[in-house]
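Letter by letter, the sequence shown follows residues 0 to 552 of numbering that gives the first Met the number 0.
Even glycine gets a Cβ: it sits at the ideal position worked out from N, Cα and C.
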Amino acid sequence: MEKALAFKQRVMSLPALKKENLNPKTWMTAENLRGFRDFVLQRESDTDTDTSFDNVEMLLDTEREYMEAAKKNDVATMKLLEKNVSVNTKNVHDRTALHYAVAGRNKEAVEILLRRRAKLDLQDKHGVTAIHLAAWFGSLDILKLLVQGGADQKFENQEGMNILHCAAINNHTDIVKYIVNDLQMKSLDKKDQTGSRPFSLAAQHGCVEMLELLMEEPYCMATAEGEQDGNTPLHLAARNGHLDAVQLLLRSFSDRDTVNKAGETALYLAALGDHEECVQALLAADCDVNIVTAEKSSCLLPPAEKGHASLVKLLIENRVDMNFQNQNQQGALHLVVKNCHIPVLHTLLESGCDANLTDHRGQTALHIAAELGKIDIVEMILKTGADLAIRDRQAKTALGVAARGDMVIIVDMIIKAERYFTWKAGVENNEALHDDSPLTFRLDHREETRQMRTKLWNLAYRMFRPQDWKRLARHWLFTEEQVAAIEEQWTGLKSYQEHGNRMMLIWLHGALISHRSPAKELHEALFSIGNKSAADKIRLESTGSKVRKCTVL
Numbered sequence: 000m001e002k003a004l005a006f007k008q009r010v011m012s013l014p015a016l017k018k019e020n021l022n023p024k025t026w027m028t029a030e031n032l033r034g035f036r037d038f039v040l041q042r043e044s045d046t047d048t049d050t051s052f053d054n055v056e057m058l059l060d061t062e063r064e065y066m067e068a069a070k071k072n073d074v075a076t077m078k079l080l081e082k083n084v085s086v087n088t089k090n091v092h093d094r095t096a097l098h099y100a101v102a103g104r105n106k107e108a109v110e111i112l113l114r115r116r117a118k119l120d121l122q123d124k125h126g127v128t129a130i131h132l133a134a135w136f137g138s139l140d141i142l143k144l145l146v147q148g149g150a151d152q153k154f155e156n157q158e159g160m161n162i163l164h165c166a167a168i169n170n171h172t173d174i175v176k177y178i179v180n181d182l183q184m185k186s187l188d189k190k191d192q193t194g195s196r197p198f199s200l201a202a203q204h205g206c207v208e209m210l211e212l213l214m215e216e217p218y219c220m221a222t223a224e225g226e227q228d229g230n231t232p233l234h235l236a237a238r239n240g241h242l243d244a245v246q247l248l249l250r251s252f253s254d255r256d257t258v259n260k261a262g263e264t265a266l267y268l269a270a271l272g273d274h275e276e277c278v279q280a281l282l283a284a285d286c287d288v289n290i291v292t293a294e295k296s297s298c299l300l301p302p303a304e305k306g307h308a309s310l311v312k313l314l315i316e317n318r319v320d321m322n323f324q325n326q327n328q329q330g331a332l333h334l335v336v337k338n339c340h341i342p343v344l345h346t347l348l349e350s351g352c353d354a355n356l357t358d359h360r361g362q363t364a365l366h367i368a369a370e371l372g373k374i375d376i377v378e379m380i381l382k383t384g385a386d387l388a389i390r391d392r393q394a395k396t397a398l399g400v401a402a403r404g405d406m407v408i409i410v411d412m413i414i415k416a417e418r419y420f421t422w423k424a425g426v427e428n429n430e431a432l433h434d435d436s437p438l439t440f441r442l443d444h445r446e447e448t449r450q451m452r453t454k455l456w457n458l459a460y461r462m463f464r465p466q467d468w469k470r471l472a473r474h475w476l477f478t479e480e481q482v483a484a485i486e487e488q489w490t491g492l493k494s495y496q497e498h499g500n501r502m503m504l505i506w507l508h509g510a511l512i513s514h515r516s517p518a519k520e521l522h523e524a525l526f527s528i529g530n531k532s533a534a535d536k537i538r539l540e541s542t543g544s545k546v547r548k549c550t551v552l
């Protein structure tokens, strides 16, 4: 990040590369502009950190000074040194003074070099000539000077780009008008080595004025044709988030759902790049939201995986398939849980996404949340009433996964949910299943239950015998799997105390929700398992009076 910021500051500080002449976003995102990008990155000394022999500058001092003067448009120095240097001297990157003078838009320096009969078609190491640079940096006056001097107007760099490509990619409409109207070289409208025509490059970099120009007479260079990878201009504009260009192309072409060689639509690429406004524009144009890519992905999965909540909501509102699964059988819910994007998870669950979908490991989103120990996410999924009996390929339920990972809190939450939904299914009147408090399966820290929780702790740690908690659990209809999950946590020979306390807190959760009397039910349960002393103590604490034994007088 620091390198990128330093690079941007260095580029924008160069006097010849003013903001209006160079859009960093344009050339920095280009895939086929290596030569031009390297040209701007190059230090004034032309010697980077590479100290190998092949990269050591071999210029004489006067040659280097002359080249520096051309960069800075220092005409006086150039005239002073011109008798002592060769105007066509190349540096380590095969660049001459003319390259730098043209790139800097230094017309006076260019004129001096032309008078000295500088060679106009010398290429640097990327095949870039002076005429490329004039078109790239938008200097029409210099371009005319080079043409008048005999520069080859059809020259292509190593990426197959000519001056029309260079002008189109930087939105230099005046250059394009000169090429077509004055030079009569409309034939330069051809593909570069990536299969991109000037119109596609303009779309890729959001050059709306250029797009509009190329659609008009006599230019007529607009095309919906795809590149080598099948990306159309709409794909390119959408992928890079150029809203104005996307809207223009939608108005101009009827094909909205064309797929590239990867099976990706423009809508998919916009969603992949988190370009929400472009997605909205494409959806408004009735683009199909459920086209699947060649690698079996939908436009919902990338923003879901990255946690772009508003974009996910937008796609859902436009009827995207929330339950679509990729080649690993992972749905949006799996990806969201794996990356812990709670706002997106909330949106998916509120919209009715199926929480019971299983992936290639047979795991639901709840399995993944339990394995990761994400309490907030487990709570959200449990509240949906997800199927807690689903087993993965290792025959583990979400409860089993949590127990295996020693996720004690999550184990207890899942058991609470299992018991709650079992009780709920057996209640005929569902209107008042629990009190006004919101449903939760978390640890109970409420003040109103503190006294009862203290009693349960004292009972577990001071009065339980090793097997009492299991007898009590079976009395309260805990399943063997639930008992085993609680018992999975081992803290020593007295683990049964912790097990008993946890089990009774789980029971208390259900008793309170169903409006049963915890004290009465606890007393009866202790009595039924044969722990009479503990039962009497609970009764004593509940009634506030001593238990009197019946005697025969």
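Practice item. Flag this pair as touching only if the stretch 81–91 and the stretch 126–137 have three or more C-beta atom pairs under 8 angstroms; answer yes or no. Key: No, the stretch 81–91 does not touch the stretch 126–137.
Review point. Is the CB-CB distance between LEU300 and ALA331 below 7 angstroms?
Key: Going by beta carbons, LEU300 and ALA331 fall inside the 7 angstroms limit.
Check your understanding: Are LEU163 and PRO197 close, meaning C-beta to C-beta below 7 angstroms?
Key -> The Cβ atoms of LEU163 and PRO197 sit closer than 7 angstroms to each other.
Check your understanding: In the structure shown, what three-state DSSP assignment does MET451 receive?
Key -> If DSSP states are grouped into helix, strand and coil, MET451 belongs with the helices.
Point to revise | 8 angstroms CB neighbourhood of VAL245 in its chain, flanking five on each side removed | key: For VAL245, the CB contacts under 8 angstroms within the same chain, skipping 5 residues up- and downstream, are LEU233, ALA236, ALA237, ALA265, ALA269, CYS277, ALA280 and LEU281 in chain order.
Review point. Using DSSP with H/G/I as helix, E/B as strand and the rest coil, what is GLN324?
Key: It is a strand residue.
Exercise for review: May I ask you to report which of helix, strand or coil DSSP gives GLY384?
Suggested key: If DSSP states are grouped into helix, strand and coil, GLY384 belongs with coil.
Check your understanding: Does the distance from the CB of HIS204 to the CB of ILE174 come in under 7 angstroms?
Key -> Note that the C-beta distance between HIS204 and ILE174 is not below 7 angstroms.
Point to revise | Between the CA atoms of GLN393 and ALA284 - distance to the nearest angstrom | key: Each residue's Cα considered, the two are about 46 angstroms apart.
Point to revise | For GLY103, three-class secondary structure by DSSP | key: Coil at GLY103, not helix or strand.
Exercise for review: Inspect the beta-carbon positions of LEU271 and LEU247 and report whether they are closer than 7 angstroms.
Suggested key: The answer is no: Cβ separation not under 7 angstroms.
Check your understanding: Excluding five sequence neighbours on each side, which residues of the same chain lie with their C-beta closer than 6 angstroms to the C-beta of ASN230?
Key -> The beta carbon of ASN230 sits closer than 6 angstroms to those of ASN259, all from its chain and outside the five residues before and after it, given in chain order.
Exercise for review: Go through its chain and collect everything with a Cβ distance to THR490's Cβ below 8 angstroms, but skip five positions before and after it.
Suggested key: Excluding residues within five positions, the ones whose Cβ falls inside 8 angstroms are GLU497.
Point to revise | Same chain only: Cβ atoms within 8 angstroms of THR222, ignoring 5 sequence neighbours per side | key: Answer for THR222: ARG196, PHE198, SER199 and PRO232, listed in chain order.
Review point. Under three-state DSSP, which class holds GLY330?
Key: Reduced to three states, the DSSP call for GLY330 is strand.
Check your understanding: Which residue's Cα is closest to the Cα of THR346: ALA472, GLN329 and ILE376?
Key -> Checked all of ALA472, GLN329 and ILE376; the closest Cα to THR346 is ILE376.
Point to revise | Buried/exposed call for SER556, threshold 16 Cβ in 10 Å | key: In the structure as shown, the chain begins at 0 and stops at 552. Residue 556 is therefore absent and cannot be evaluated.
Check your understanding: Are the CB atoms of ALA388 and ASN355 nearer to each other than 7 angstroms?
Key -> Taking a C-beta distance under 7 angstroms as the contact criterion, ALA388 and ASN355 do not qualify as a contact pair.
Exercise for review: Kindly list the residues whose CB is nearer than 7 angstroms to the CB of ASP140, restricted to its own chain and excluding five residues on each side of it in sequence; keep chain order.
Suggested key: Hits under 7 angstroms: LYS106.
Review point. CB-CB under 6 angstroms to LYS536, same chain, minus the five flanking residues each way: which ones, in chain order?
Key: Cβ neighbours of LYS536 beyond the five flanking positions: none.
**Study point:** Whole-angstrom distance between LEU212 and ALA96, CA atom to CA atom
**Key:** Between ALA96 and LEU212, the C-alpha separation is close to 34 angstroms.
Check your understanding: So what does DSSP say about GLN279, is it helix, strand or coil?
Key -> In the three-state reduction of the DSSP assignment, GLN279 falls in the helix class.
Check your understanding: By DSSP, does ASP123 sit in helix, in strand, or in coil?
Key -> The three-state reading of DSSP puts ASP123 in coil, since its state is none of H, G, I, E or B.
Check your understanding: Does DSSP put LEU313 in a helix, in a strand, or in coil?
Key -> LEU313: helix per DSSP, three-state reduction.
Practice item. Would you kindly check if the distance between the Cβ of CYS206 and the Cβ of ASN170 is under 7 angstroms? Key: Contact flag set, yes.
Review point. How about VAL133 and VAL86: are their beta carbons less than 7 angstroms apart?
Key: It is Ala, not Val, that sits at residue 133 in the sequence shown. Not in contact: ALA133 and VAL86 (Cβ atoms no closer than 7 angstroms).
Practice item. Would you identify the three-state DSSP class for ARG94, choosing helix, strand or coil? Key: When DSSP states are grouped into helix, strand and coil, ARG94 belongs to the coil group.
Point to revise | Of the listed residues SER513, PHE35 and ALA533, nearest to GLY103 (C-alpha basis) | key: For GLY103, the closest of SER513, PHE35 and ALA533 by C-alpha to C-alpha distance is PHE35.
Review point. Does the stretch 151–165 touch the stretch 58–76, meaning 3 or more C-beta pairs lie closer than 8 angstroms?
Key: Verdict: no, contact absent.
Exercise for review: Just mark GLU487 as buried or exposed, buried being the case when its beta carbon has 16 or more other beta carbons within 10 Å.
Suggested key: Only buried fits GLU487, as 16 or more other CB atoms lie within 10 angstroms of its CB.
Point to revise | Nearest-angstrom Cα separation, counted from ASN338 out to THR363 | key: Computed Cα separation, rounded: 14 angstroms.
Check your understanding: How is ARG418 classed by DSSP in three states: helix, strand or coil?
Key -> DSSP places ARG418 in helix when its eight states are reduced to three.
Practice item. Note the first and the last residue of the continuous alpha helix (DSSP H) segment covering ILE505. Key: From DSSP, the alpha helix (DSSP H) with ILE505 extends over 494–512.
Exercise for review: May I have the straight-line CA-CA distance separating TYR177 from SER253, to the nearest angstrom?
Suggested key: If I take the Cα positions, the gap works out to 31 angstroms.
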